[in-house]
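Undergrad: The numbering of the sequence shown is this note's numbering, which starts it at 181 and goes up by one. We put the beta carbon where it would ideally sit given N, CA and C, even for glycine.
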Amino acid sequence: MSSLTIIVGGDFCPHGPIDKLCREGRAGETFGDMLEVLRDKDLSIVNVECPLTTIDAPIPKSGPNLRCDPVTAEALVAANVDVAVLANNHILDHGNDALKETMDTLDKRGILRVGAGMNPEEASRPLFVERKGVRIGILAYAENEFCNACDLTPGSAPLDPIANIRQIKDARSQCDVLLITIHGGNEYNPLPSPRVIKTFAAFVEAGASAIIGGHTHTPQGYVWRDGAPIVYSTGNFVFPPLNGRHCVKWSCGYLVKIVVENKKVVEMSPIPFWANTRTGCINRFKPEEEKMFLEHLDHLSKLASDPVEEAKYFNAWCASYGLTQVKRFTQLCLESPTPQQLKDMLVTRNVIACEAHHEITCRCLELLRLGAFDKAASHVPQLMALRNGPQWLQEKLADPDY
Numbered sequence: 181m182s183s184l185t186i187i188v189g190g191d192f193c194p195h196g197p198i199d200k201l202c203r204e205g206r207a208g209e210t211f212g213d214m215l216e217v218l219r220d221k222d223l224s225i226v227n228v229e230c231p232l233t234t235i236d237a238p239i240p241k242s243g244p245n246l247r248c249d250p251v252t253a254e255a256l257v258a259a260n261v262d263v264a265v266l267a268n269n270h271i272l273d274h275g276n277d278a279l280k281e282t283m284d285t286l287d288k289r290g291i292l293r294v295g296a297g298m299n300p301e302e303a304s305r306p307l308f309v310e311r312k313g314v315r316i317g318i319l320a321y322a323e324n325e326f327c328n329a330c331d332l333t334p335g336s337a338p339l340d341p342i343a344n345i346r347q348i349k350d351a352r353s354q355c356d357v358l359l360i361t362i363h364g365g366n367e368y369n370p371l372p373s374p375r376v377i378k379t380f381a382a383f384v385e386a387g388a389s390a391i392i393g394g395h396t397h398t399p400q401g402y403v404w405r406d407g408a409p410i411v412y413s414t415g416n417f418v419f420p421p422l423n424g425r426h427c428v429k430w431s432c433g434y435l436v437k438i439v440v441e442n443k444k445v446v447e448m449s450p451i452p453f454w455a456n457t458r459t460g461c462i463n464r465f466k467p468e469e470e471k472m473f474l475e476h477l478d479h480l481s482k483l484a485s486d487p488v489e490e491a492k493y494f495n496a497w498c499a500s501y502g503l504t505q506v507k508r509f510t511q512l513c514l515e516s517p518t519p520q521q522l523k524d525m526l527v528t529r530n531v532i533a534c535e536a537h538h539e540i541t542c543r544c545l546e547l548l549r550l551g552a553f554d555k556a557a558s559h560v561p562q563l564m565a566l567r568n569g570p571q572w573l574q575e576k577l578a579d580p581d582y
């Protein structure tokens, strides 16, 4: 049986100069000399990092509300992209109708999609494709920010490891090779967090043949685990800087080339590139540059594989960025906390760290964001009645002779 090649690309947000190329019928120029690499495959997958829509209706959220015109889908067509991943933290940036327009835009161009839907079940549904007699399954998940599907809104497939493992096992039973893309992690961190490492490993144990991460806007390393490649983050794909300024970490990344033989993943290799900040177009590095980039990537991979080094650098990352995040949440002076501030800080720590408190806090904020808090509050009396139990039981338990 002949081998088959799968190409996976990271974040695709074709605004600014890429929009201009697409309107001028020059969409293929987006990819420079990487275009041949993108077309030389049996299956290609790209994360579409924003709605492709004419609708300008930004949802309430932190961070930028991204969108690109539907015409920019022509860049995907020019690169002969087969599958668009929609599981990310921007796909719902302009609301439900913009997501629907994005889906329609892709459908009209014959581009398959995965990772978003009108509800969590639809969003988490696997995509199956067949190439050269091999049935390939694709699942896509995104960390829980503002664009994930829930009972209140459509959106991306949520990263929910307990549910995801069940979905992975079910999908794996229906295909020969199962690829998973995960959108999450710490932006601009060159190394994955301990949670990311553990989650990706658990997904391999559940049946993933390969895992490709994204979202960090900077390349991270990769490892092999139980015969499956784990790419922690590819960095950006096509994503001109939002502020127009050159940024090394933002402006380089790599495609992931996966080779399948005898219905198994046997090879994974990174194909690095750089992006021209002015034009937004990508090009492959010169041979010597590519060699140095791969050496850097190998170094990152070794650090991510060493628990001691990984923990050291994650602690450093938290020391650099974590205090600011906590200050935003607590409004406490943490450098020299008073005993009461320390007590309050511990309460805050538990709200963040404990899954039960975290879940309640996030859902409350989501209800407020979506204007659904009052409706939810209207059900409180019924809930309290359920909590208190039926009248006969209340009376029985109130009897001092019981």
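Residue range of the alpha helix (DSSP H) that His-363 falls in?
TA: Run containing His-363: none in the alpha helix (DSSP H); it sits in the beta strand (DSSP E), 357-363.
Undergrad: Return the residue from the list Cys-432, Ser-485 and Ala-499 that minimises the CA-CA distance to Met-472.
TA: Of the listed residues, the one whose Cα sits closest to Met-472 is Cys-432.
Undergrad: For Asn-227 versus Thr-396, is the C-beta distance shorter than 8 Å?
TA: The answer is no: Cβ separation not under 8 Å.
Undergrad: Is it right to say Pro-570 is buried, meaning 16 or more other beta carbons lie within 10 angstroms of its own, or is it exposed?
TA: It counts as exposed.
Undergrad: Looking at the unbroken beta strand (DSSP E) that takes in Ala-322, where does it start and where does it end?
TA: It spans 314-322 - the beta strand (DSSP E) in which Ala-322 sits, taken as one unbroken run.
Undergrad: For Ile-342, does the three-state DSSP call read helix, strand or coil?
TA: Helix at Ile-342.
Undergrad: I need the straight-line Cα distance from Tyr-582 to Cys-542, nearest angstrom please.
TA: Residue placement at Tyr-582 is flagged as unreliable, the pLDDT there being 42, under the threshold of 50; the coordinate-derived value follows with that caveat. Going from the Cα of Tyr-582 to the Cα of Cys-542 covers about 41 Å.
Undergrad: In whole angstroms, give me the CA-to-CA distance for Leu-522 and Ala-536.
TA: Approximately 22 Å, taken between the alpha carbons.
Undergrad: Given a threshold of 16 other Cβ atoms within 10 Å of its Cβ, counted over all protein chains shown, does Val-488 qualify as buried or as exposed?
TA: Burial call: exposed.
Undergrad: By the 10 Å Cβ neighbour count, where 16 or more other Cβ atoms means buried, how is Tyr-321 classified, buried or exposed?
TA: The residue in question, Tyr-321, is buried, as its Cβ has 16 or more Cβ neighbours within 10 Å.
Undergrad: Just how far apart, CA to CA, sit Ala-557 and Thr-282?
TA: Rounded to whole angstroms, Ala-557 to Thr-282 spans 34 Å at the Cα level.
Undergrad: Is it the case that the Cβ atoms of Ser-373 and Phe-494 are separated by a distance below 8 Å?
TA: For Ser-373 and Phe-494, yes; Cβs fall inside 8 Å.
Undergrad: Can you give me the Cβ contacts of Phe-465 inside the same chain, cut-off strictly under 7 Å, excluding the 5 residues immediately before and after it?
TA: Around Phe-465: Pro-452, Phe-453, Trp-454 and Phe-473.
Undergrad: In chain order, what residues of the same chain have a beta carbon less than 7 Å from the beta carbon of Gly-208, not counting five sequence neighbours either side?
TA: The answer, listed in chain order, is Leu-215 and Ala-258.
Undergrad: Of all the options Asn-328, Thr-333, Ser-353 and Cys-355, which has the alpha carbon lying nearest to the alpha carbon of Gly-364?
TA: For Gly-364, the nearest C-alpha among the options comes from Asn-328.
Undergrad: Under the rule that 16 or more other beta-carbon atoms within 10 Å means buried, what is His-195, buried or exposed?
TA: Its Cβ being crowded by 16 or more others within 10 Å, His-195 is buried.
Undergrad: Sorted by chain position, which residues of the same chain lie with C-beta nearer than 8 Å to His-274's C-beta, five sequence neighbours on each side aside?
TA: The residues are Pro-231, Thr-233, Ile-235, Asp-236, Ala-237, Pro-238, Ile-239, Asn-245 and Arg-247.
Undergrad: Mapping the DSSP letters down to three states, classify Tyr-582 as helix, strand or coil.
TA: Any reading at Tyr-582 is ruled out, since the residue's pLDDT is 42, under 50, leaving its predicted position unreliable.
Undergrad: Express the C-alpha separation of Asp-191 and Asn-324 in angstroms, rounding to a whole number.
TA: In a straight line, the C-alpha of Asn-324 is about 17 Å away from that of Asp-191.
Undergrad: According to DSSP, is Leu-266 helix, strand or coil?
TA: Looking at Leu-266 - three-state DSSP - the assignment turns out to be coil, as it is neither helix nor strand.
Undergrad: Specify the secondary structure class of Glu-447 as computed by DSSP and reduced to three states.
TA: In the structure shown, Glu-447 sits in a strand (DSSP, three-state: E or B).
Undergrad: Taking DSSP as the reference, what is the three-state secondary structure of Phe-211?
TA: Reduced to three states, the DSSP call for Phe-211 is helix.
Undergrad: Between the stretch 416-424 and the stretch 379-389, can you find at least three pairs of beta-carbon atoms closer than 8 Å?
TA: With the cut-off at 8 Å, the stretch 379-389 and the stretch 416-424 do not touch.
Undergrad: Near Ser-182, which residues of its chain fall below 7 Å by C-beta distance, leaving aside the five closest residues on each side in sequence?
TA: Cβ neighbours of Ser-182 beyond the five flanking positions: Lys-312.
Undergrad: Could you tell me the boundaries of the beta strand (DSSP E) in which Ile-391 lies?
TA: 390-394 is the span of the beta strand (DSSP E), which, as asked, contains Ile-391.
Undergrad: Quick one: give me the first and last residue of the alpha helix (DSSP H) that Trp-430 is part of.
TA: Run containing Trp-430: none; DSSP gives neither H nor E here.
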